[in-house]
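Only one structure is covered here, and it is reproduced in the block below.
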Amino acid sequence: MIIKKFCAENFRNIKKCEIDFREGINILIGDNAQGKTNTAEGIYIFSRGRSQRTSDDDELIKFGEEGFRISVEYEDKNGTNTLEYARFGKDKRRKKNGYSVNKITEFVGNLRAVLFTPDDLSLVKGGPEERRSFLNIAISQHDPSYINLYSSYKKALENRNHILKQASKGFYYDENELRSWSNSLAEYASYIYLQRYSYIEKLKKYTSLIMKDISEEKEEINIEYISDIEEFCEKRELIKKKYEEIFSSSEEREKAAGLTLFGPHRDDIKIEINGSLARSYSSQGQQRSVVLSMKLSEGEIIKEKIGEYPIYIFDDVLSELDEGRQRYVLSGREGMQLIITACKMSDIISEGVNIIKVEGGFYN
Ligand code: ATP
Ligand code: MG
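5 is the number of the first residue of the sequence shown in the numbering used here; add one for each residue after it.
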């Protein structure tokens with residue numbers, strides 16, 4: 005999959021732009037605060053359906069303007085397509101090939117992209133919520149129906165927590181209502197568990213191969229899904245039963261705490277390098293290798309599913325990688341498009357790359 009053109013109008017600091025991209029390596033180059041990350045954000049919106057930096061679209065409108073419009077022209081195995089995303093006042097518009105797309109689940113899943121930013125380095129050192137967020141976003145890209153599933157889970161969780169909070173304060177609450185939300189929560193949790201389990205199984209297969217390649221066979225990575233389900237079982241009804249048991253046996257504790265203490269919102273991914281927990285023992289270089297291998301694996305899983313590589317957007321991370329890893333990234337693969345942002349040219353970037361200069365939101 006390849007992006008051919010990205011256009012923006014009144015988006016962040018960009019007044020108006022039209023950027024042509026090519027297959028292979030594209031580098032957006034410019035000083036700090038010129039609009040490189042803004043461009044990466046604009047492109048990634050088409051993949052995720054919303055900005056990765058903010059949930060408030062108003063922030064995306066250029067200061068002093070009424071609205072913004074961004075569009076992308078991309079080529080996949082079915083041909084050339086366009087996607088458009090615009091916001092004017094309260095009016096939000098999403099279009100594919102000129103036709104309105106109302107549901108976010110129909111918008112996500114067209115243009116596939118993997119984004120890697122310096123923030124992602126917290127995947128290793130950060131808390132479990134960083135790793136859950138990685139999983140949620142990666143699975144949504146893989147299967148957009150996960151977006152609705154996870155938001156249903158969160159709604160049920162909110163409702164259940166509300167009742168538990170009432171209980172913890174000694175206020176009246178409806179016991180039947182609590183049971184009913186526990187039941188819904190167990191239902192959604194079972195689907196989420198199975199999706200996450202199978203995603204991590206795929207992920208670990210690729211990360212271990214890529215990690216070996218990056219480290220010239222020196223490092224071995226192991227990734228495990230950490231959840232409340234002790235033993236994997238592929239029968240969803242049984243997983244649901246297990247969650248029901250967990251929720252009912254912890255009910256008294258949860259009534260005291262005023263919130264749900266178990267479930268997928270507490271899951272984590274355990275990452276080990278050469279047998280030691282990466283979060284506690286990995287060097288900075290190893291952390292970068294782990295994240296790089298996870299991001300590249302995310303792309304391999306997309307390729308496994310749709311038969312072509314997603315677009316890789318590397319915002320400001322090239323300078324974080326040593327020469328060997330930079331070479332590994334830049335060597336690319338057949339049919340792979342990379343969009344990289346950087347303040348200065350890397351010494352190892354060879355000829356034939358598409359260099360796009362960014363200055364004050366303008367391109368040349
Ligand atoms: P760096 O190399 O430091 O990462 P960058 O080129 O990636 O820089 P961006 O994050 O793209 O920089 O931001 C460029 C500028 O856009 C910033 O100065 C920021 O204040 C500005 N900006 C952000 N949002 C808006 C907006 N809604 N309207 C106008 N300008 C904005
Ligand atoms: Mg930036």
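Ideal placement from N, C-alpha and C gives every residue a C-beta, glycine not left out.
Heavy atom of ligand 1 within 6 angstroms of Gln38 beta-carbon: Start at 1 with the first residue of the sequence shown, and residue 38 comes out as number 34. Yes; taking the cut-off as 6 angstroms, the Cβ of Gln38 has a heavy atom of ligand 1 nearer than that.
Per-residue burial, Tyr229 [other beta carbons within 10 Å of its own, 16 or more giving buried]: Along the sequence shown, read from residue 1 onward, the residue named residue 229 stands at position 225. By the 10 Å Cβ count, Tyr229 comes out buried.
Check: Asp123 C-beta below 6 angstroms from any heavy atom of ligand 2: As a first step, residue 123 is located in the sequence shown; it is residue number 119 there, counting from the start. No - ligand 2 has no heavy atom lying nearer than 6 angstroms to the Cβ of Asp123.
Heavy atom of ligand 1 within 6 angstroms of Arg16 beta-carbon: On the sequence shown, position 12 is the one that residue 16 refers to. Flag set: Cβ of Arg16 near ligand 1.
Alpha-carbon spacing of Glu324 relative to Val76, whole angstroms: Here residue 324 refers to the residue found at position 320 when the sequence shown is read from its first residue. Here residue 76 refers to the residue found at position 72 when the sequence shown is read from its first residue. Cα to Cα, Glu324 sits roughly 28 angstroms from Val76.
Exposure label - Cys21; buried when at least 16 CB within 10 Å: Translated into the one-based positions of the sequence shown, residue 21 becomes position 17. Cys21 is buried by the Cβ-count criterion.
According to DSSP, residues forming a beta bridge with Asp24: The sequence position of residue 24 within the sequence shown is 20, counting from 1. Answer is Lys9.
CB of Ser51 within 7 angstroms of CB of Leu115, strictly: Residue numbering aside, residue 51 sits at position 47 when the sequence shown is read from its first letter. Residue numbering aside, residue 115 sits at position 111 when the sequence shown is read from its first letter. Yes.
Cβ separation of Thr211 and Ile225, assumed to be a contact under 8 angstroms, to the nearest whole Å: Within the sequence shown, the letter at position 207 stands for residue 211. Within the sequence shown, the letter at position 221 stands for residue 225. So it is a contact: roughly 5 angstroms between Cβ atoms.
Contained beta strand (DSSP E) runs [length at least 3] in the region 263-326, N- to C-terminal order: 272-277 and 315-319
Asn17 vs Gly365 beta-carbon contact at 7 angstroms: Taking the sequence shown and counting its residues from 1, one reaches residue 17 at position 13. Taking the sequence shown and counting its residues from 1, one reaches residue 365 at position 361. Going by C-beta atoms, Asn17 is nearer than 7 angstroms to Gly365.
8 angstroms contact criterion, which Asp147 and Gln199 should meet: CB distance rounded: Looking up residue 147 in the sequence shown gives position 143. Looking up residue 199 in the sequence shown gives position 195. The pair is a contact, with the Cβ atoms about 7 angstroms apart (cut-off 8 angstroms).
For Leu342, the nearest candidate out of Tyr176, Asp326, Leu139 and Leu322 (CA to CA): Working through the sequence shown from its first residue, we reach residue 342 at position 338. Of the listed residues, the one whose Cα sits closest to Leu342 is Leu322.
Heavy atom of ligand 2 within 6 angstroms of Asp320 beta-carbon: Along the sequence shown, read from residue 1 onward, the residue named residue 320 stands at position 316. At least one heavy atom of ligand 2 is nearer than 6 angstroms to the Cβ of Asp320, so yes.
Outcome for Asn402 when other beta-carbon atoms lying within 10 angstroms are tallied against a minimum of 16: Shown here, the chain extends from 5 to 368; a query on residue 402 therefore has no answer.
C-alpha gap between Gly53 and Glu304, whole angstroms: In the sequence shown, the residue the question calls residue 53 occupies position 49. In the sequence shown, the residue the question calls residue 304 occupies position 300. Roughly 21 angstroms separates the two Cα atoms.
Neighbour-count burial assignment, Gly71, 16 or more Cβ in a 10 Å radius: The residue you call residue 71 lines up with position 67 of the sequence shown. Gly71 should be labelled buried.
Residue-level contact to chain C via CB, Phe251, 7 angstroms cutoff: In summary, chain C is missing from the structure at hand, where a single protein chain is found.
beta-carbon Phe67 near ligand 1 non-hydrogen atom, thresh 6 angstroms: One-based indexing of the sequence shown puts residue 67 at position 63. It does: the Cβ of Phe67 is within 6 angstroms (strictly closer) of some heavy atom of ligand 1.
Test item: CB-CB of Gly46 and Ala12 under 7 angstroms: For the purposes of this step, residue 46 is taken as residue 42 along the sequence shown, with counting starting at 1. For the purposes of this step, residue 12 is taken as residue 8 along the sequence shown, with counting starting at 1. Their beta carbons are under 7 angstroms apart, which means Gly46 touches Ala12 by this criterion.
Any non-hydrogen atom of ligand 1 within 6 angstroms of Thr58 CB: For the purposes of this step, residue 58 is identified with residue 54 of the sequence shown, where counting begins at 1. No, ligand 1 has no heavy atom inside 6 angstroms of this Cβ.
beta-carbon Asn30 near ligand 1 non-hydrogen atom, thresh 6 angstroms: Working through the sequence shown from its first residue, we reach residue 30 at position 26. Outside the cutoff, so no.
Backbone secondary structure at Gln341 - three-state DSSP: Working through the sequence shown from its first residue, we reach residue 341 at position 337. Reduced to three states, the DSSP call for Gln341 is strand.
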